[in-house]
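Peer 1:
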Amino acid sequence: MKCVFITGAGAGIGQETARLFAKQGWFVGLYDRDEDAVKRLANEIGSKQALYGKLDVTDVKQWKKSLAEFFDKTSKLDLLINNAGILYSGAFENITIEQHQKIIEINVQGVINGCHSAFPYLQTTPHSRVINLSSASAIYGQPDIATYSASKFAIRGLTEALDNEWKVQGIRVLDIMPLFVKTAMVTDMKVASFR
């Protein structure tokens, strides 16, 4: 059975991605800051096909613990999906500096933490893959979500670089750049192009 480790699996794209992989017969690792949400999803999928845990992607120790538990259960890591992310919208100067910093910490540092922590497991799994969630806002700088847009540009660059670097290890690193998806993250979004 193929195995996938998904961050931000408690809601939105991560949750639906987990359901899709489970329907395709994959074993799914469900990780999120909201442990109750991933527990409910794991119960829905079934314990024979799912493992869940609390994970703050900005915490390297939590990454290492979660990946070790997942690998103990599966003995491989076919696919890592770095999906966890946040967004604050509005005029740049109206978003607090703490909110700007949080976007970078979760959307960029969280992915770096995940790729770095997962590398030993990816390296021992033949034909392993990483999928990083970027965004269509990484195609050009998007007003009203400037820092979010910048964070997704960073993910594009990281993904391209790691794909070139890790190819020799048999690991592919890819990104997905969706347009806005109707999830809770964009419910109260203040972006002119989204209205």
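Taking this note's numbering, the leading residue of the sequence shown gets 2, the next gets one more, and so forth.
Yeah, the Cβ is synthetic: ideal placement off N, Cα and C, and Gly gets one too.
Given a cut-off of 8 Å on the beta-carbon distance, is the pair residue 53 and residue 42 in contact?
Peer 2: yes
Peer 1: Under 8 Å, do residue 160 and residue 133 count as touching if we go by C-beta distance?
Peer 2: Yes. Within cutoff.
Peer 1: Please classify residue 16: is it buried, with 16 or more other beta-carbons within 10 angstroms of its beta-carbon, or exposed?
Peer 2: Classification for residue 16: buried.
Peer 1: Pop quiz: residue 30 and residue 71 are said to be a contact at Cβ under 8 Å. What is the actual Cβ separation, rounded to whole angstroms?
Peer 2: 5 Å
Peer 1: What did DSSP end up calling residue 54 once you bin it into helix, strand or coil?
Peer 2: strand
Peer 1: Can we say the stretch 131 to 147 touches the stretch 82 to 102, given the rule of at least three CB pairs closer than 8 Å?
Peer 2: At 8 Å Cβ cutoff, the stretches touch.
Peer 1: Contact defined as beta carbons within less than 8 Å: I believe residue 5 pairs with residue 27. What is the distance between those atoms, to the nearest angstrom?
Peer 2: 5 Å
Peer 1: Taking the alpha-carbon positions, what's the residue 150 to residue 82 distance?
Peer 2: 19 Å
Peer 1: By how many angstroms is the C-alpha of residue 94 removed from the C-alpha of residue 44?
Peer 2: 43 Å
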